[in-house]
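**Student:** Here it is, the structure, as structure tokens.
In the numbering used here, the protein residues as written are 282 to 629.
In structure tokens:
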């Protein structure tokens, strides 16, 4: 069992969809905040590889993304001795419970799911059949997500505001089950943890907009030094002359520097702000400072990541042990559910 499990500790669950190369924005906005939960919760983290099937069709790509995301979180500081960390497809109990809860979930609830409605709206706008290109994985996505949450007996789920509906649906589906079978077994009703807007961190990307895979403007986490420097130099700035004072808060390179730098580089950030406001520091010099800080902080993560991605590394062992821990939790819940709904399972 995970050493993080303590009597009475609340369970937090974080799901990570392996659909792209991790970037700086992921580290600041998602990975670091999620890892801090391990300080206060019995924290569970999983790679949602089955969820990725709604959009990823290349098996090699899915395998690569799954391992890459797992290695990224470990390199960023996830401690498998204090948490439960697994790949979704290594826990088959999830998919038995998925069918049970599908039978408890109304079609109308799925019709109102944001992702499904957005897909239909795009089709209608394009003059196509509303359900063109919509697969049942996308349609039933919220049920599988509810199962992910409920089978780990999660108390809290950290999500952005755009993902709040998924936790609300999990609570609704749990409530439907509890209404029918609650005298025999009741699911915990999960709650969402939403970051305060003032505390949530988003980084500007290479075009000045929010760093996002959707905008193709990201800075990947584990680039070699030369490629990292090349991308940093592409970050847009205005034409303010070197000698004139500048507003650091309106500068994309400075925003990245300020939000990404750790306490070890706090003096560098403060000095850079002062020099920009006073005038005499150009954008080129600022980008050099940003590169030095990024590279200094990312170098140990890059080294750890590359070691984990090597064949025969500890990555497989970590995920295998995590799967055992996750299955212990899942089997406990599924056994109670099977008994509650009347599945005798004599052959078991």
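Quick reminder that beta carbons are idealized off the backbone N, C-alpha and C, glycines included.
Taking the alpha-carbon positions, what's the residue 500 to residue 509 distance?
**Tutor:** Indexing the chain shown from 1 puts residue 500 at position 219. Indexing the chain shown from 1 puts residue 509 at position 228. So the alpha carbons of these two residues sit roughly 8 Å apart.
**Student:** Just verifying my parser: in three-state terms, what is the DSSP assignment at residue 464?
**Tutor:** As a position in the chain shown, residue 464 is number 183, starting the count at 1. It is coil, neither helix nor strand.
**Student:** Of the choices 368, 463, 492 and 558, whose alpha-carbon is the least far from that of residue 600?
**Tutor:** Start at 1 with the first residue of the chain shown, and residue 600 comes out as number 319. The option with the nearest alpha carbon to residue 600 is 368.
**Student:** How many Å lie between residue 476 and residue 482 at the Cα?
**Tutor:** Here residue 476 refers to the residue found at position 195 when the chain shown is read from its first residue. Here residue 482 refers to the residue found at position 201 when the chain shown is read from its first residue. Rounded to whole angstroms, residue 476 and residue 482 show a C-alpha spacing of 9 Å.
**Student:** Taking the continuous alpha helix (DSSP H) assigned at residue 432, which residues delimit it?
**Tutor:** Position 151 of the chain shown, counted from the first residue, corresponds to residue 432. That run of the alpha helix (DSSP H) goes 422 to 432.
**Student:** Run through DSSP, which three-state label would residue 580 get?
**Tutor:** For the purposes of this step, residue 580 is identified with residue 299 of the chain shown, where counting begins at 1. Three-state DSSP puts residue 580 in a helix.
**Student:** Label residue 532 either buried or exposed according to how many other C-beta atoms from any shown protein chain fall within 10 Å of its C-beta, with 16 as the threshold for buried.
**Tutor:** In the chain shown, counting from the first residue as 1, residue 532 sits at position 251. So residue 532 ends up on the buried side.
**Student:** Take residue 362 as the anchor and find which of 325, 387 and 397 has the nearest alpha-carbon.
**Tutor:** Working through the chain shown from its first residue, we reach residue 362 at position 81. When each option's Cα is compared against that of residue 362, the closest is 325.
**Student:** Consider the Cβ of residue 329: report whether some Cβ of chain D lies at a distance smaller than 9 Å.
**Tutor:** Here chain D cannot be found, since the structure has a single protein chain.
**Student:** In this structure, how does DSSP classify residue 455 when only helix, strand and coil are distinguished?
**Tutor:** Position 174 of the chain shown, counted from the first residue, corresponds to residue 455. When secondary structure is reduced to three states using DSSP, residue 455 falls in the helix class.
**Student:** If you measure between the beta carbons of residue 329 and residue 589, is that distance less than 9 Å?
**Tutor:** The sequence position of residue 329 within the chain shown is 48, counting from 1. The sequence position of residue 589 within the chain shown is 308, counting from 1. Not in contact: residue 329 and residue 589 (Cβ atoms no closer than 9 Å).
**Student:** Restricting to Cα atoms, I'd like to know which of 487, 303, 354 and 412 is closest to residue 568.
**Tutor:** Working through the chain shown from its first residue, we reach residue 568 at position 287. For the residues 487, 303, 354 and 412, the minimum Cα distance to residue 568 belongs to 487.
**Student:** If you draw a straight line from the alpha carbon of residue 305 to that of residue 393, how long is it in whole angstroms?
**Tutor:** Counting from one through the chain shown, the residue named residue 305 turns up at place 24. Counting from one through the chain shown, the residue named residue 393 turns up at place 112. If you draw a straight line from the Cα of residue 305 to the Cα of residue 393, it is about 33 Å long.
**Student:** Run through DSSP, which three-state label would residue 359 get?
**Tutor:** Sequence index remark: in the chain shown, residue 359 carries index 78 (1-based). Looking at residue 359 - three-state DSSP - the assignment turns out to be coil, as it is neither helix nor strand.
**Student:** Is residue 529 closer than 9 Å to residue 539 when the C-beta atoms are compared?
**Tutor:** Stepping through the chain shown from its first residue, residue 539 is reached at position 258. Stepping through the chain shown from its first residue, residue 529 is reached at position 248. Yes, the pair counts as a contact, with Cβ atoms nearer than the cut-off.
**Student:** Just how far apart, CA to CA, sit residue 375 and residue 313?
**Tutor:** Residue numbering aside, residue 375 sits at position 94 when the chain shown is read from its first letter. Residue numbering aside, residue 313 sits at position 32 when the chain shown is read from its first letter. Rounded to whole angstroms, residue 375 to residue 313 spans 27 Å at the Cα level.
**Student:** Just the C-alpha distance for residue 341 and residue 349, rounded to the nearest angstrom, thanks.
**Tutor:** Here residue 341 refers to the residue found at position 60 of the chain shown. Here residue 349 refers to the residue found at position 68 of the chain shown. Going by the C-alpha atoms only, they are around 12 Å apart.
**Student:** On the three-pair Cβ rule with 8 Å, is the stretch 614 to 622 touching the stretch 459 to 468?
**Tutor:** yes
**Student:** Distance check for residue 557 and residue 437, CA to CA, integer angstroms please.
**Tutor:** If you number the chain shown from 1, residue 437 lands on position 156. If you number the chain shown from 1, residue 557 lands on position 276. Whole-angstrom Cα-Cα distance: 42 Å.
**Student:** For residue 500, which beta-bridge partners are listed by DSSP?
**Tutor:** Against the chain shown, residue 500 aligns to sequence position 219. Residue pairing for residue 500: DSSP places it in no beta bridge.
**Student:** Pull up the DSSP beta-bridge partners for residue 597, would you.
**Tutor:** By one-based count along the chain shown, residue 597 stands at place 316. DSSP output for residue 597 lists no bridge partner at all.
**Student:** Can you find the residues in the same chain that come closer than 6 Å, C-beta to C-beta, to residue 435, ignoring five residues on each side of it along the sequence?
**Tutor:** Residue numbering aside, residue 435 sits at position 154 when the chain shown is read from its first letter. Cβ neighbours of residue 435 beyond the five flanking positions: 292, 294 and 471.
**Student:** Our contact map puts residue 458 next to residue 390 with C-beta atoms below 8 Å; I'd like the distance itself, whole angstroms only.
**Tutor:** Counting from 1 along the chain shown, the entry for residue 458 is found at position 177. Counting from 1 along the chain shown, the entry for residue 390 is found at position 109. That belief does not hold up - the Cβ atoms of residue 458 and residue 390 are roughly 13 Å apart, past 8 Å.
**Student:** If we ignore side chains and look at the alpha-carbon of each, how far apart do residue 537 and residue 310 end up?
**Tutor:** Here residue 537 is taken as the residue at index 256 of the chain shown, counted from 1. Here residue 310 is taken as the residue at index 29 of the chain shown, counted from 1. Going from the Cα of residue 537 to the Cα of residue 310 covers about 12 Å.
**Student:** Can you grab the Cα-Cα spacing for the pair residue 489 / residue 308, in whole Å?
**Tutor:** Residue numbering aside, residue 489 sits at position 208 when the chain shown is read from its first letter. Residue numbering aside, residue 308 sits at position 27 when the chain shown is read from its first letter. Going by the C-alpha atoms only, they are around 18 Å apart.
**Student:** What is the rounded straight-line gap between the Cα of residue 301 and the Cα of residue 346?
**Tutor:** Indexing the chain shown from 1 puts residue 301 at position 20. Indexing the chain shown from 1 puts residue 346 at position 65. Those two C-alpha atoms are separated by around 6 Å.
**Student:** CB-CB under 6 Å to residue 404, same chain, minus the five flanking residues each way: which ones, in chain order?
**Tutor:** The sequence position of residue 404 within the chain shown is 123, counting from 1. Same-chain partners within the cutoff: 411 and 413.
**Student:** For residue 507 and residue 331, what's the separation of their Cα atoms in angstroms?
**Tutor:** The residue labelled residue 507 in the question sits at position 226 within the chain shown. The residue labelled residue 331 in the question sits at position 50 within the chain shown. Using only the alpha carbons, I get a separation of about 35 Å.
**Student:** Tell me where the beta strand (DSSP E) around residue 439 begins and ends.
**Tutor:** Counting from one through the chain shown, the residue named residue 439 turns up at place 158. Note, residue 439: beta strand (DSSP E), 437 to 439.
**Student:** Counting along the chain, where does the beta strand (DSSP E) carrying residue 335 start and finish?
**Tutor:** Locating residue 335 in the chain shown gives position 54, counting from the first residue. Note, residue 335: premise wrong, no beta strand (DSSP E); not H, not E.
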